[in-house]
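Asker: Sequence lines, in order, name chains A and B. Residue numbers 6 to 218, in the working numbering, belong to the letters of the first sequence in order. Residue numbers 2 to 215, in the working numbering, belong to the letters of the second sequence in order. For each residue, glycine too, the CB sits at the ideal point set by N, CA and C. Before we start, here is the structure in question, set down as structure tokens.
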Amino acid sequence: MDTKQILEQAAKHVAEGLTKIDPAQVDALAKGIAKANRVFVTGWGRAGNVAGILGMDMSQIGKLVYRVGDNNTPSIHEGDILLVMSGSGNTKTISIIASEAKAFGAEVGLISTSAESIIGEIADYNVVIPRVETPMNKIMRERRPPRDPKFKGTAGTREVWPLTDEERALMTLDQMEVTYQIAFTLNEVIQQKVMEEIGETVEAVHYYHNSLE
Amino acid sequence: MVDIKKLLDCAGKNIAETLNQVDVNQIEEIAQAISKAKRVYTAGWGRAGNIIRILGMDMSQIGMVVFCVGDNGTPSIHPGDILLINSGSGNTKTIAVIAQQAKEQGATVALISGSDPTKSTIGQIADINVVVPRLKKDLSFEIKRPDPAKAVNKGLGVRVDWGLTPEQRDELAYANITGYYESSFALNEVIRRRVMELIGAKDEDPMYYHNNLE
Numbered sequence: 006m007d008t009k010q011i012l013e014q015a016a017k018h019v020a021e022g023l024t025k026i027d028p029a030q031v032d033a034l035a036k037g038i039a040k041a042n043r044v045f046v047t048g049w050g051r052a053g054n055v056a057g058i059l060g061m062d063m064s065q066i067g068k069l070v071y072r073v074g075d076n077n078t079p080s081i082h083e084g085d086i087l088l089v090m091s092g093s094g095n096t097k098t099i100s101i102i103a104s105e106a107k108a109f110g111a112e113v114g115l116i117s118t119s120a121e122s123i124i125g126e127i128a129d130y131n132v133v134i135p136r137v138e139t140p141m142n143k144i145m146r147e148r149r150p151p152r153d154p155k156f157k158g159t160a161g162t163r164e165v166w167p168l169t170d171e172e173r174a175l176m177t178l179d180q181m182e183v184t185y186q187i188a189f190t191l192n193e194v195i196q197q198k199v200m201e202e203i204g205e206t207v208e209a210v211h212y213y214h215n216s217l218e
Numbered sequence: 002m003v004d005i006k007k008l009l010d011c012a013g014k015n016i017a018e019t020l021n022q023v024d025v026n027q028i029e030e031i032a033q034a035i036s037k038a039k040r041v042y043t044a045g046w047g048r049a050g051n052i053i054r055i056l057g058m059d060m061s062q063i064g065m066v067v068f069c070v071g072d073n074g075t076p077s078i079h080p081g082d083i084l085l086i087n088s089g090s091g092n093t094k095t096i097a098v099i100a101q102q103a104k105e106q107g108a109t110v111a112l113i114s115g116s117d118p119t120k121s122t123i124g125q126i127a128d129i130n131v132v133v134p135r136l137k138k139d140l141s142f143e144i145k146r147p148d149p150a151k152a153v154n155k156g157l158g159v160r161v162d163w164g165l166t167p168e169q170r171d172e173l174a175y176a177n178i179t180g181y182y183e184s185s186f187a188l189n190e191v192i193r194r195r196v197m198e199l200i201g202a203k204d205e206d207p208m209y210y211h212n213n214l215e
């Protein structure tokens with residue numbers, strides 16, 4: 006597999022995903038963050054790391070940010086916003102945290118691939134990153150063997166997909182998981198919009214940037 | 002104003018009293034299970050989460066493979082692995098979901114908690130339960146907590162005033178100094194000691210396995 010080709014395909018997927026995002030959703034979330042007293046972020050895995058970086062971005066334009074589960078994170082209250090990133094929008098434990106936040110009167114913003122998800126239904130703001138449809142998605146839908154009914158998902162199950170070498174080559178190009186990379190790039194867009202909303206300028210980042218490391 | 006000498010005395014006394022009440026059979030059971038496990042996973046929030054991570058560190062420093070749930074390096078859990086949980090109440094909602102998932106994947110679940118495991122959600126899911134009993138506090142007064150029916154999440158995040166006198170606040174400080182979490186932290190060392198024996202690890206091992214990057 007030609008590395009140059011993989012790079013180009015990755016760039017194409019990220020660009021395609023970004024252009025499919027509804028700007029009105031981003032504006033609404035940015036307004037929600039701008040007016041919030043404090044920002045809380047949460048998520049597991051890749052999504053959790055991307056949400057953590059969004060928190061860092063908000064911190065570097067002067068917002069007070071806490072990550073759920075960190076030792077210094079206080080209770081959430083009315084006027085605060087909880088930012089959630091979840092690929093599916095259905096992460097069970099995160100949906101519990103989102104409901105708690107709502108119960109305490111805070112707002113919830115979700116960045117995911119679906120607003121019609123468990124957390125999507127709880128959230129006040131949904132920013133949807135549409136899944137990039139690729140030829141490989143279709144092959145996988147048709148060729149993936151039935152899942153073990155014992156497991157709800159397939160994580161942790163070793164599967165063998167009956168793919169040809171050509172299909173595996175296509176897979177490298179087409180099935181790259183770009184949702185998180187798109188979300189990561191989207192962080193920067195959200196930061197720009199929140200900066201505008203709160204009247205902060207680009208110099209702020211240099212002032213607020215961590216100076217301990 | 003609290004007397005610091007008295008606070009220190011009470012701190013030591015409270016931990017000793019708590020540890021004395023831990024059932025040795027439960028410690029034996031969790032140590033046996035950890036020593037037989039292929040890999041050790043840890044999960045918990047807040048104080049409990051930090052303490053269980055330290056137990057994970059203890060296990061790592063005697064040569065076991067350890068992962069903390071949520072860390073970037075943590076892979077899927079499988080039969081033969083053990084998930085160690087610390088939860089004061091044993092009812093932490095999100096951790097109950099994780100415990101259930103671990104069971105469904107065929108892993109063993111062990112819970113260290115401060116309440117009756119037959120009545121807690123995670124306690125009922127767990128294969129092994131270690132109880133660090135909460136001490137009975139013989140206070141000379143009663144604390145009027147907010148009505149649990151009205152308070153969201155047992156009153157956490159709600160600002161209330163218990164209306165105590167300065168003397169009552171001192172008395173409360175002596176009774177509350179060290180409790181479940183501190184005792185449970187001390188218990189980590191006891192568990193480590195027994196696991197060391199069971200897997201044949203030596204006192205020199207932590208020097209070999211100790212993180213050398215920092």
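Return the Cβ separation of S117/A and V137/A in integer angstroms, given the expectation that the two are a contact with Cβ distance under 8 angstroms.
Answerer: Counting from 1 along the first sequence, the entry for residue 117/A is found at position 112. Counting from 1 along the first sequence, the entry for residue 137/A is found at position 132. 15 angstroms between Cβ atoms; not a contact.
Asker: Can you tell me the Cβ-Cβ gap for N1/B and I31/B, rounded? I've got them flagged as a contact below 8 angstroms.
Answerer: In the structure displayed, chain B extends from 2 to 215; residue 1/B sits before or after that span and is not available.
Asker: Measure the Cβ-Cβ separation of G115/B and V133/B and say whether it is below 8 angstroms.
Answerer: Translated into the one-based positions of the second sequence, residue 115/B becomes position 114. Translated into the one-based positions of the second sequence, residue 133/B becomes position 132. Yes, they are a contact pair.
Asker: If you follow the alpha helix (DSSP H) that F189/A is in, where does it begin and where does it stop?
Answerer: In the first sequence, the residue the question calls residue 189/A occupies position 184. From DSSP, the alpha helix (DSSP H) with F189/A extends over 184-203.
Asker: Using 8 angstroms as the threshold, is the C-beta distance between Q14/A and V210/A below it?
Answerer: Taking the first residue of the first sequence as position 1, residue 14/A is located at position 9. Taking the first residue of the first sequence as position 1, residue 210/A is located at position 205. In this structure, V210/A does not lie closer than 8 angstroms to Q14/A by Cβ.
Asker: Going by DSSP, name the residue or residues bridged to A39/A.
Answerer: Within the first sequence, numbered from 1, the residue matching residue 39/A stands at position 34. According to DSSP, A39/A bridges with nothing at all.
Asker: Give me, in chain order, the residues of the same chain whose beta-carbon lies closer than 7 angstroms to that of L199/B; leave out the 5 immediate sequence neighbours on both sides.
Answerer: Position 198 of the second sequence holds residue 199/B. Excluding positions up to five away in sequence, the list reads A32, Q33, S36.
Asker: With 8 angstroms as the threshold, decide whether the Cβ of A160/A is near any Cβ in chain B.
Answerer: The residue you call residue 160/A lines up with position 155 of the first sequence. It does: the Cβ of A160/A has a partner Cβ on chain B nearer than 8 angstroms.
Asker: Please list the partners that S219/A has in chain B, where partner means a Cβ-to-Cβ separation under 8 angstroms.
Answerer: With chain A represented from 6 up to 218, any question about residue 219/A goes unanswered, as that position is not in the structure.
Asker: Should S121/B be flagged as near chain A, meaning a C-beta pair shorter than 8 angstroms?
Answerer: The count along the second sequence starts at 1 and reaches residue 121/B at position 120. Not an interface residue.
Asker: Which whole-angstrom value describes the C-beta separation of S25/A and P135/A, a residue pair presumed to lie in contact below a C-beta threshold of 8 angstroms?
Answerer: Taking the first residue of the first sequence as 1, we reach residue 25/A at position 20. Taking the first residue of the first sequence as 1, we reach residue 135/A at position 130. As written in the sequence, residue 25/A is Lys, which differs from the Ser given in the question. Yes, they are in contact, since the Cβ atoms of K25/A and P135/A sit about 4 angstroms apart, within 8 angstroms.
Asker: Determine the extent of the beta strand (DSSP E) in which I83/B is found, giving its start and end residues.
Answerer: Residue 83/B sits at position 82 when you count from the first residue of the second sequence. Where I83/B is concerned, the enclosing beta strand (DSSP E) stretches over 83-88.
Asker: G91/B and G124/B: beta carbons closer than 8 angstroms?
Answerer: Against the second sequence, residue 91/B aligns to sequence position 90. Against the second sequence, residue 124/B aligns to sequence position 123. Yes, the Cβ-Cβ distance between G91/B and G124/B is below 8 angstroms.
Asker: Could you have a look at F186/B and say whether DSSP puts it in helix, strand or coil?
Answerer: Working through the second sequence from its first residue, we reach residue 186/B at position 185. It is helical.
Asker: Check this for me: beta carbons of D85/A and A111/A, under 8 angstroms apart or not?
Answerer: For this step, residue 85/A is matched to residue 80 along the first sequence. For this step, residue 111/A is matched to residue 106 along the first sequence. Cβ distance < 8 angstroms, so D85/A and A111/A count as in contact.
Asker: Nearest to G48/A by CA position, among L115/A, I11/A, A41/A, A29/A, is which residue?
Answerer: Counting from 1 along the first sequence, the entry for residue 48/A is found at position 43. Out of L115/A, I11/A, A41/A, A29/A, L115/A has the C-alpha closest to the C-alpha of G48/A.
Asker: Is any beta-carbon of chain A found at less than 8 angstroms from that of T95/B?
Answerer: Position 94 of the second sequence, counted from the first residue, corresponds to residue 95/B. Yes, because at least one Cβ of chain A sits closer than 8 angstroms to the Cβ of T95/B.
Asker: Output needed in chain order: residues of the segment 42-60 of chain B with a Cβ under 9 angstroms from some Cβ in chain A.
Answerer: Listed by position, the residues of the segment 42-60 of chain B near chain A (Cβ gap below 9 angstroms) are W46, G47, R48, G50, N51.
Asker: Find the residues of chain B that neighbour K143/A, judging by a C-beta separation of less than 9 angstroms, and give them in chain order.
Answerer: Sequence index remark: in the first sequence, residue 143/A carries index 138 (1-based). None at all; the shortest Cβ gap to chain B is about 27 angstroms.
Asker: Closer than 8 angstroms, CB to CB, is N42/A near chain B or not?
Answerer: Here residue 42/A is taken as the residue at index 37 of the first sequence, counted from 1. So no, N42/A is outside the interface.
Asker: Could you check how far apart the C-beta atoms of Y185/A and A52/A are, in whole angstroms? I think they sit under 8 angstroms.
Answerer: What you label residue 185/A is simply residue 180 of the first sequence in a count that begins at 1. What you label residue 52/A is simply residue 47 of the first sequence in a count that begins at 1. Y185/A to A52/A, Cβ: 7 angstroms. Contact.
Asker: Since T109/B and I83/B should fall inside the 8 angstroms C-beta cutoff, what is the C-beta to C-beta distance between them, to a whole number of angstroms?
Answerer: Here the question's residue 109/B lines up with position 108 in the second sequence. Here the question's residue 83/B lines up with position 82 in the second sequence. Between I83/B and T109/B the Cβ distance is about 4 angstroms, and since that is below 8 angstroms, they are a contact.
Asker: Compare the Cα-Cα distances from S93/A to each of V165/A, N42/A, G125/A and report the closest residue.
Answerer: By one-based count along the first sequence, residue 93/A stands at place 88. That would be G125/A, whose Cα lies nearest to the Cα of S93/A.
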